[in-house]
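Asker: Right, I'll just put the structure down here and ask away after.
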Amino acid sequence: MLPLKNRTILVVDDEPLIRELVCQALSARGATTVAAGNGLEGFKVYETMALNVILSDVRMPGGDGTELLRKIRNCSAEKPVFCLMSGFSDVSLDSLYEMGADAVYSKPFSMKKVITGITNLMLPLEDRWQEEPIPDAVPVKKTLITNSCLGRGGVFIPGLFDLETDTPVQFHLTFNEQNSAPLEGTGMVRWLRSKGEYLAAGIGVEILTVREPGKSELIKRIREMGPKAFIPQGGKAG
Numbered sequence: 690m691l692p693l694k695n696r697t698i699l700v701v702d703d704e705p706l707i708r709e710l711v712c713q714a715l716s717a718r719g720a721t722t723v724a725a726g727n728g729l730e731g732f733k734v735y736e737t738m739a740l741n742v743i744l745s746d747v748r749m750p751g752g753d754g755t756e757l758l759r760k761i762r763n764c765s766a767e768k769p770v771f772c773l774m775s776g777f778s779d780v781s782l783d784s785l786y787e788m789g790a791d792a793v794y795s796k797p798f799s800m801k802k803v804i805t806g807i808t809n810l811m812l813p814l815e816d817r818w819q820e821e822p823i824p825d826a827v828p829v830k831k832t833l834i835t836n837s838c839l840g841r842g843g844v845f846i847p848g849l850f851d852l853e854t855d856t857p858v859q860f861h862l863t864f865n866e867q868n869s870a871p872l873e874g875t876g877m878v879r880w881l882r883s884k885g886e887y888l889a890a891g892i893g894v895e896i897l898t899v900r901e902p903g904k905s906e907l908i909k910r911i912r913e914m915g916p917k918a919f920i921p922q923g924g925k926a927g
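FYI, in my numbering the residues of the sequence shown are 690 to 927.
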């Protein structure tokens with residue numbers, strides 16, 4: 690099975706061995722791979738080739754991954770899929786998802802997990818978001834949200850939660866407007882934040898499943914809004 694057949698993926702990392710190993714793993718799954726040593730080189734490739742996915746390190750001399758991410762998202766809020774590989778970063782996870790990263794993988798990471806993730810992220814929302822919930826997801830309290838809580842692939846849920854990243858959760862969200870369908874589904878916690886000086890407490894959840902009729906309404910909202918953030922950081926602290 691070649692899940693990445695006919696897909697072109699740019700791998701950006703300043704370490705030649707990591708570039709080579711990642712490219713080999715992606716090529717073995719059918720992808721056409723292109724390599725770059727830093728963000729500046731990566732953006733030149735983006736300008737000259739049609740890419741489906743960019744997989745980039747965060748900190749690199751000669752143009753880092755966050756700089757490359759900003760440039761790409763200024764050109765297109767949605768494509769290509771942009772995933773970051775991070776060994777150490779002084780940029781918070783909520784900031785990376787706010788900038789428009791579709792996924793953040795901590796080094797060392799499993800290539801199987803990366804390949805599964807990017808294969809899923811390339812699907813249209815109608816196919817990516819199934820209706821059957823994830824088993825053993827932790828229920829979170831019913832929460833009222835606004836459109837500003839929505840990103841291209843996730844949602845900011847305000848509140849204080851005793852959870853950890855990569856915890857599956859079951860959510861029930863309602864909008865502060867009449868006649869809107871509730872959002873009932875499951876997702877994965879990608880970051881969490883206690884109440885800070887500037888931003889409200891809450892969790893950033895990548896949506897994995899949504900039940901109808903909320904699913905269709907959610908997809909419509911997102912397409913009308915066209916957000917750059919995959920998961921927004923949320924509003925200011927009260």
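Ideal Cβ positions, reconstructed from N, Cα and C, are used throughout, including at glycine.
Distance check for Arg882 and Glu736, CA to CA, integer angstroms please.
Answerer: Walking along the sequence shown from the start, residue 736 turns up at place 47. Walking along the sequence shown from the start, residue 882 turns up at place 193. Approximately 36 Å between the Cα atoms of the pair.
Asker: For Glu873, which beta-bridge partners are listed by DSSP?
Answerer: Reading the sequence shown from its first residue, position 184 is the one you call residue 873. Its beta-bridge partners are His861.
Asker: Alpha carbon to alpha carbon, how far is Glu709 from Asn741?
Answerer: Your numbering for residue 709 matches position 20 in the sequence shown. Your numbering for residue 741 matches position 52 in the sequence shown. Between Glu709 and Asn741, the C-alpha separation is close to 19 Å.
Asker: For the structure I just gave you, are there three or more beta carbon pairs, one from the stretch 813-820 and one from the stretch 892-905, closer than 8 Å?
Answerer: The answer is yes - the stretch 892-905 touches the stretch 813-820, with three or more Cβ pairs under 8 Å.
Asker: Could you pull out every unbroken beta strand (DSSP E) segment of at least 3 residues lying fully inside the stretch 725-780, listed in chain order?
Answerer: Counting only runs of 3 or more, we get 742-746 and 770-775.
Asker: Assuming Val894 and Ile846 form a contact by the criterion Cβ under 8 Å, report the distance between their Cβ atoms to the nearest whole angstrom.
Answerer: For the purposes of this step, residue 894 is taken as the residue at position 205 of the sequence shown. For the purposes of this step, residue 846 is taken as the residue at position 157 of the sequence shown. The pair is a contact, with the Cβ atoms about 6 Å apart (cut-off 8 Å).
Asker: Can you give me the C-alpha to C-alpha distance between Val803 and Thr832, rounded to a whole angstrom?
Answerer: Position 114 of the sequence shown holds residue 803. Position 143 of the sequence shown holds residue 832. In a straight line, the C-alpha of Val803 is about 31 Å away from that of Thr832.
Asker: Where does Gly903 land, buried or exposed, given buried means 16+ other C-beta within 10 angstroms?
Answerer: Locating residue 903 in the sequence shown gives position 214, where the first residue counts as 1. It is buried - the Cβ of Gly903 has at least 16 other Cβ atoms within 10 Å.
Asker: DSSP three-state label for Ser883, please.
Answerer: Taking the first residue of the sequence shown as 1, we reach residue 883 at position 194. Coil, per DSSP.
Asker: Buried or exposed, going by whether 16 or more other CB atoms sit within 10 Å of the CB of Ala720?
Answerer: By one-based count along the sequence shown, residue 720 stands at place 31. That one is buried.
Asker: If you draw a straight line from the alpha carbon of Leu787 to that of Met800, how long is it in whole angstroms?
Answerer: The residue given as residue 787 occupies position 98 in the sequence shown. The residue given as residue 800 occupies position 111 in the sequence shown. With the sequence shown as reference, residue 787 is identified as Glu, and Leu is not the correct amino acid for it. The straight-line gap from Cα to Cα measures roughly 24 Å.
Asker: Which residues share a DSSP beta bridge with Leu839?
Answerer: Position 150 of the sequence shown holds residue 839. Partner(s): Val844.
Asker: Can you grab the Cα-Cα spacing for the pair Gly842 / Phe919, in whole Å?
Answerer: For the purposes of this step, residue 842 is taken as the residue at position 153 of the sequence shown. For the purposes of this step, residue 919 is taken as the residue at position 230 of the sequence shown. Distance between the alpha carbons of Gly842 and Phe919 is about 5 Å.
Asker: If you draw a straight line from the alpha carbon of Pro692 to that of Tyr887, how long is it in whole angstroms?
Answerer: Walking along the sequence shown from the start, residue 692 turns up at place 3. Walking along the sequence shown from the start, residue 887 turns up at place 198. Roughly 42 Å separates the two Cα atoms.
Asker: Hey, could you find the ends of the alpha helix (DSSP H) Ile908 is sitting in?
Answerer: To locate residue 908, count along the sequence shown from 1; it is residue 219. From DSSP, the alpha helix (DSSP H) with Ile908 extends over Gly903 to Met914.
Asker: Looking at the structure shown, is Ser795 part of a helix, part of a strand, or coil, going by DSSP?
Answerer: Counted from its first residue, the sequence shown places residue 795 at position 106. Strand, per DSSP.
Asker: With respect to the alpha helix (DSSP H) encompassing Thr808, which residues constitute its N-terminal and C-terminal limits?
Answerer: Locating residue 808 in the sequence shown gives position 119, counting from the first residue. That run of the alpha helix (DSSP H) goes Met800 to Leu810.
Asker: If you drop the 5 nearest sequence neighbours on each side, which residues of the same chain put their C-beta closer than 8 Å to that of Gly731?
Answerer: Reading the sequence shown from its first residue, position 42 is the one you call residue 731. Contacts found: Leu699, Val701, Ala725, Ile743, Ser745, Gly752 and Leu757.
Asker: Roughly how many whole angstroms lie between the Cα atoms of Lys694 and Asn865?
Answerer: As a position in the sequence shown, residue 694 is number 5, starting the count at 1. As a position in the sequence shown, residue 865 is number 176, starting the count at 1. So the alpha carbons of these two residues sit roughly 43 Å apart.
Asker: Who are the near neighbours of Met914 in its chain, counting only those whose CB is closer than 8 Å to its CB and skipping five residues on each side?
Answerer: By one-based count along the sequence shown, residue 914 stands at place 225. For Met914, where only same-chain residues beyond five positions count, the Cβ hits under 8 Å are Asn836 and Leu839.
Asker: Within the same chain, show all residues whose beta-carbon is closer than 6 Å to that of Ile892, passing over the 5 residues directly before and after it, in chain order.
Answerer: For the purposes of this step, residue 892 is taken as residue 203 along the sequence shown, with counting starting at 1. Hits under 6 Å: Ile846, Phe850, Val878 and Leu881.
Asker: Let's see if you can read the secondary structure: which residues bound the beta strand (DSSP E) around Val829?
Answerer: Counting from one through the sequence shown, the residue named residue 829 turns up at place 140. No beta strand (DSSP E) holds Val829; DSSP gives it neither H nor E.
Asker: Just how far apart, CA to CA, sit Glu873 and Tyr794?
Answerer: Taking the sequence shown and counting its residues from 1, one reaches residue 873 at position 184. Taking the sequence shown and counting its residues from 1, one reaches residue 794 at position 105. So the alpha carbons of these two residues sit roughly 27 Å apart.
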